[in-house]
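Residue numbers (our numbering): 96 to 467. Don't be surprised by glycine CBs; every beta carbon is placed ideally from N, CA and C.
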């Protein structure tokens with residue numbers, strides 16, 4: 096929960112009622128000319144045009160004023176608000192993978208240079224370090240990153256990245272392919288995540304290692320992180336549990352969080368920081384619906400599936416969110432539904448702060464009808 100979760104009304108910086116604008120213009124016209132203005136007159140058309148343009152201007156003024164409030168702001172004004180407290184939008188990152196080079200062994204050590212290019216179609220991956228190949232070694236694994244930042248390099252299955260683009264002088268490469276699926280490429284941080292970090296930023300001003308401070312620094316490590324739990328099992332130990340848009344964090348993301356939060360300029364002197372996977376609390380939703388005999392079964396079933404999928408999508412982006420049967424039943428109790436028989440989960444599941452409610456399957460069926 097952050098201050099953004101408060102239910103505040105939208106502020107109104109200027110009157111934007113178009114009817115009031117028209118009335119004001121008519122009143123002013125009649126006052127200046129000393130004669131009545133009727134709807135069929137040419138002057139009334141001009142008044143309507145002027146009122147329309149003024150209404151657009153007033154909406155623009157309202158929008159511009161709202162952009163100064165972090166809750167309603169958007170790029171680029173949101174970036175300027177962040178600058179005031181030292182928060183900048185996280186930059187895109189390239190996808191990573193591990194390449195395996197198979198080669199004819201040499202009798203002397205060789206160096207596979209940084210930037211060796213291997214492609215899959217039009218997407219190119221470049222090795223990220225100079226790698227020494229010892230004598231008489233025919234296989235070497237080398238980390239690589241996509242040449243283009245963003246999500247374009249994600250999702251290449253094992254073996255898909257296998258086209259050696261440039262010949263490496265002095266090294267007889269027989270074949271090359273990726274031995275891990277490419278992942279962790281990401282676009283610019285979106286407005287919602289930047290907004291949440293701006294709100295968390297004041298927590299980082301303390302040097303006492305508050306929960307909010309660790310959350311801010313952890314979320315600043317990678318824009319793929321959507322929630323963070325902080326737990327201290329014993330004094331001086333800080334366990335950080337990041338949750339990403341795709342679920343559990345990769346090793347690369349955990350390393351980035353550790354590098355960010357264990358820095359001497361961030362953590363208190365006596366804190367030892369560990370980054371761990373959230374507890375993966377899997378569950379399934381299995382429900383049988385009884386619908387009214389007047390309801391369309393297909394529409395009722397489709398509405399229930401849409402509702403429960405939206406519920407799961409909004410629930411699994413937060414750590415420590417309990418699985419409550421009555422909430423699930425309430426979500427399913429939509430159009431045409433007379434009764435919900437929830438088979439799974441069989442009981443409420445209370446989660447620790449570092450646990451992730453991961454729904455692995457949804458099965459909604461219609462069991463029967465009722466006349467009410």
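Cβ distance (whole Å) where residue 308 is taken to contact residue 315 below 8 angstroms:
Contact doesn't hold; Cβ gap of about 11 angstroms is too wide.
Compare the C-alpha of residue 357 against each of 312, 156, 319 and name the closest.
312
By the DSSP assignment, the alpha helix (DSSP H) with residue 241 in it spans what residues?
That residue, residue 241, is in no alpha helix (DSSP H); its beta strand (DSSP E) goes 234-241.
Cβ-Cβ distance between residue 111 and residue 154 below 7 angstroms
yes
Who does residue 270 pair with in a DSSP beta bridge?
197
Closest Cα partner of residue 98 within the set 164, 143, 159, 212
164
Excluding sequence positions up to five away, which residues of its chain have a Cβ less than 6 angstroms from the Cβ of residue 430?
395, 398
Where does the unbroken alpha helix (DSSP H) through residue 174 begin, and where does it stop?
172-178
Sort out for me which residues DSSP pairs residue 326 with in a bridge.
334
Given residue 143 as reference, the closest of 122, 127, 156 once Cα atoms are compared:
122
Is it buried or exposed, residue 426, if we count other Cβ atoms within 10 angstroms and call 16 or more buried?
buried
Locate the beta strand (DSSP E) running through residue 369, then write down its first and last residues.
367-370
On the three-state DSSP scale, how would you describe residue 436?
strand
Going by C-alpha to C-alpha distance, which of 295, 355, 238, 418 sits closest to residue 256?
238
On a Cα-Cα basis, can you pick out the residue from 456, 449, 451 that is closest to residue 438?
456
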